[in-house]
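Residue numbers are given in my numbering: position 36 of the sequence shown equals residue 79, and the series is strictly consecutive. All C-beta atoms in this analysis are idealised placements derived from N, C-alpha and C, irrespective of residue type, glycine included. Accompanying notes for the structure given below.
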Amino acid sequence: MSILGITMGCPTGIGPEIILRHFIGRSEQSLFQPVVIGDIGILEKCSGELGLNVRCQLWSPGTPLPTQALPVISCSALKPESLRWGHPTQETAFAMVAYIKKTVEFIGQGILDGMVTCPISKEAMQSAGFSYPGHTEMLAELTGTRNYAMMLAGERLRVTLVTIHCPLNQVPGSLNRESIVRLIRITHEALIRDFALPDPRIAVAGLNPHAG
44 MSILGITMGC PTGIGPEIIL RHFIGRSEQS LFQPVVIGDI GILEKCSGEL
94 GLNVRCQLWS PGTPLPTQAL PVISCSALKP ESLRWGHPTQ ETAFAMVAYI
144 KKTVEFIGQG ILDGMVTCPI SKEAMQSAGF SYPGHTEMLA ELTGTRNYAM
194 MLAGERLRVT LVTIHCPLNQ VPGSLNRESI VRLIRITHEA LIRDFALPDP
244 RIAVAGLNPH AG
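Below is the structure:
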C-alpha cells in the first residue's frame with residue numbers, strides 16, 4: 044500500500060479539520076496509508092474541540108504504521124493554547140513551510156510515495172519573508188523543476204492555468220504567445236503520461252468574447 048504524506052497546511056486554518064474528518068470517513072479498502080506531516084498538538088486540539096475523538100500517534104519512518112491511530116510526523120512544537128483559529132502568525136508560517144519541505148525530502152528518500160497538501164496562508168507565508176505565490180512555485184523550486192503547471196484534475200475535465208494568483212486586472216498583461224504555447228505543451232505531455240490519454244483534446248479559453 045502506498046504511503047501518502049499529508050501536509051497539515053496552516054496550523055490555524057482548515058487543514059487539521061480536513062485531515063481528521065478524512066481519517067474518520069476513510070474506507071478500510073483505501074488504496075493508500077495517510078501520514079500527516081504537521082503538528083500533533085494542533086491536531087489533538089482540533090480533534091478535542093470538534094469532539095471527533097481521533098487518536099493521533101507520533102510515527103518515525105522505518106517503524107510499523109499504527110492501524111488504529113492517525114500517524115503523525117510532528118515537525119513543529121507550537122503552543123496550541125496560544126493560537127487562535129483563523130489567525131496565522133509568523134511562527135505558523137515557518138511551520139507550514141517546514142511541513143512542505145520535510146515532505147518533499149521524505150519523498151526523495153523513498154519514505155513517502157507522494158503528497159497531498161492542505162491549504163496554506165499565502166499572506167502569512169509572504170509576510171514571514173517567503174516569496175512563493177503558492178504551493179506550485181515552492182514545490183517546483185524544491186524539486187528543481189523548470190517546466191511545471193498547476194492542474195485542476197476532475198474525472199472528465201482537467202484544467203491548467205496560464206496565470207496563477209494574480210489580480211484580474213493584471214491577467215491581460217501576463218499573457219503572451221510563449222507562455223500559452225508552453226502550457227499547452229506541458230498539458231499535452233501530462234495528459235498522455237499521467238492520465239493515459241493517447242490523443243488528448245485541448246481547448247484554450249479566450250480572454251475576450253469569442254476569443255477576439
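Taking only three categories from DSSP, how would you classify residue i?
{"i": "Thr135", "result": "helix"}
{"i": "Thr179", "result": "helix"}
{"i": "Val214", "result": "helix"}
{"i": "Gly56", "result": "coil"}
{"i": "Arg98", "result": "coil"}
{"i": "Ile207", "result": "coil"}
{"i": "Thr188", "result": "coil"}
{"i": "Val224", "result": "helix"}
{"i": "Pro252", "result": "helix"}
{"i": "Ala233", "result": "helix"}
{"i": "Gly91", "result": "helix"}
{"i": "Leu47", "result": "strand"}
Which term fits residue i, buried or exposed, when burial requires 16 or more other beta carbons within 10 angstroms of its beta carbon?
{"i": "Met44", "result": "exposed"}
{"i": "Ile143", "result": "buried"}
{"i": "Ser217", "result": "exposed"}
{"i": "Ala239", "result": "exposed"}
{"i": "Leu126", "result": "buried"}
{"i": "Gly105", "result": "exposed"}
{"i": "His226", "result": "Reading off the sequence, residue 226 comes out as Leu, not His. The residue in question, Leu226, is buried, as its Cβ has 16 or more Cβ neighbours within 10 Å."}
{"i": "Ile235", "result": "exposed"}
{"i": "Ala167", "result": "buried"}
{"i": "Ile116", "result": "buried"}
Which residue's Cα is closest to the Cα of residue i: the options?
{"i": "Ala246", "options": "His231, Lys88, Ala239 and Gly48", "result": "His231"}
{"i": "Ile62", "options": "Leu86, Leu74 and Leu195", "result": "Leu86"}
{"i": "Val205", "options": "Met194, Glu198 and Asn212", "result": "Met194"}
{"i": "Ala254", "options": "Arg244, Pro215, Ala233 and Ser222", "result": "Pro215"}
{"i": "Cys209", "options": "Tyr175, Ile227, Ile229 and Leu200", "result": "Tyr175"}
{"i": "Glu124", "options": "Glu92, Arg225 and Phe137", "result": "Glu92"}
{"i": "Leu101", "options": "Ala120, Met181 and Pro243", "result": "Ala120"}
Using a Cβ-Cβ distance cut-off of 8 angstroms, determine whether residue i contacts chain B.
{"i": "Gly56", "result": "Annotation note: the requested chain B is absent from the structure, which comprises a single protein chain."}
If contacts are defined as beta-carbon pairs under 8 angstroms, then residue i and residue j qualify, I think. What distance do you get, rounded to the angstrom?
{"i": "Ile46", "j": "Leu155", "result": "5 angstroms"}
{"i": "Ile207", "j": "Gly177", "result": "7 angstroms"}
{"i": "Pro162", "j": "Gly52", "result": "5 angstroms"}
{"i": "Thr55", "j": "Pro131", "result": "5 angstroms"}
query: Residue ranges of each beta strand (DSSP E) run of no fewer than 3 residues wholly in the segment 107 to 179, ordered along the chain?
result: 113 to 117 and 157 to 160
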